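Here is the structure we will look at, set down as structure tokens.
Here is the structure:
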């Protein structure tokens with residue numbers, strides 16, 4: 116816990132120390148992606164594509180023997196459908212604005228004292244493929260957990276234990292398992308983007324190096340990632356409450372609504388930048404620990 120608090124303190128200090136630079140990156144580079152993501156999440160709830168995708172997933176869950184109508188699987192279906200629709204709709208901005216913003220922030224935090232624009236552009240050729248590969252890793256993690264659910268619920272049916280209490284208990288255990296797997300996968304994918312930029316690698320190699328770096332420090336990595344992710348979730352909820360819901364109710368756009376949408380999108384942009392800074396500090400902490408391990412082992416052997 117002490118290590119996680121130290122990383123968070125260093126991240127906030129770095130954000131405040133270079134506030135003007137990071138505010139510029141948030142307003143110019145991250146803002147287009149953040150606004151599109153928030154609008155896509157707000158509009159996807161009433162989109163035809165989301166309803167079709169959600170219906171297909173519901174049929175898939177039912178065919179696999181899962182209790183698709185239960186509260187847990189209904190929520191899982193909705194969130195998975197929304198995430199997929201948002202990912203596809205924001206992919207062009209992800210591979211341009213967001214990747215360039217991440218590269219710029221990484222260069223500022225971990226790079227030379229005076230990073231150049233050309234060096235940030237060079238990092239994009241490592242970051243863009245890593246983002247695509249991270250998406251497949253997250254999709255694979257979801258598929259793996261769903262496979263475990265399939266085996267578990269079908270085993271209940273074979274053993275004739277599929278009572279309401281058994282299904283509820285297994286759903287609760289599944290929710291815990293899904294949260295743990297998703298948290299660890301997200302942390303590794305986030306760290307892989309930093310590894311890709313700092314070690315000039317991409318794809319599966321960046322993922323493998325991130326796994327090695329975070330090995331033994333999973334709890335610290337999840338703890339430091341939690342505040343920024345909670346902040347982004349809070350901003351998403353604020354956008355839905357202050358912008359999406361009034362617009363869907365009135366079906367009209369007012370200057371105040373546009374102003375609030377821009378302000379909340381900017382808040383979301385700052386949260387994304389802070390999350391990148393936290394991952395940079397986590398990378399430096401893990402990398403330093405791995406470098407010191409051989410020296411500590413040598414000292415123990417001599418003693």
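Residue numbers (the numbering used here): 116 to 418.
Glycine included, C-beta positions come from ideal geometry on N, C-alpha and C.
Treat the numbers as computed from the prediction; the structure is a model and nothing was measured.
Rounded to whole angstroms, the separation of the alpha carbons of residue 395 and residue 245 is 16 Å. The shortest CA-to-CA distance from residue 364 to any of 132, 211, 140 and 158 is the one to 158. As summarised for the stretch 118 to 167, the continuous alpha helix (DSSP H) elements at least 4 residues long and confined to that stretch are 134 to 140 and 146 to 159, given in chain order. The criterion of a C-beta distance shorter than 9 Å is not satisfied by residue 156 and residue 375. In this structure, residue 311 lies near residue 317, with their beta-carbon atoms less than 9 Å apart. Burial state of residue 390 is buried, judged by a 10 Å Cβ sphere holding 16 or more other Cβ atoms. Excluding sequence positions up to five before and after residue 208, its CB lies within less than 7 Å of the CB of 147, 148 and 151, all in the same chain and listed in chain order.
Classified as buried, residue 383 has 16 or more neighbouring CB atoms from the shown chains inside 10 Å of its CB. Taking the CA atoms as reference points, residue 250 sits about 31 Å from residue 373.
Exposed is the label assigned to residue 194, since fewer than 16 other Cβ atoms lie within 10 Å of its Cβ.
Fewer than three beta-carbon pairs drawn from the stretch 268 to 278 and the stretch 290 to 305 are found closer than 8 Å, and the two stretches are therefore not classed as touching.
Sequence-distant Cβ neighbours of residue 121 in its own chain, meaning closer than 6 Å and more than five residues away, do not exist here.
For the pair residue 307 and residue 315, the Cα-to-Cα distance works out to about 11 Å.
Within its own chain, the residues whose Cβ lies closer than 8 Å to the Cβ of residue 337, once the five positions on either side in sequence are excluded, are 298, 299 and 302, listed in chain order.
The C-beta separation of residue 220 from residue 388 comes to about 6 Å, placing the pair in contact by the 8 Å criterion.
Straight-line measurement puts the Cα of residue 229 at about 44 Å from the Cα of residue 260.
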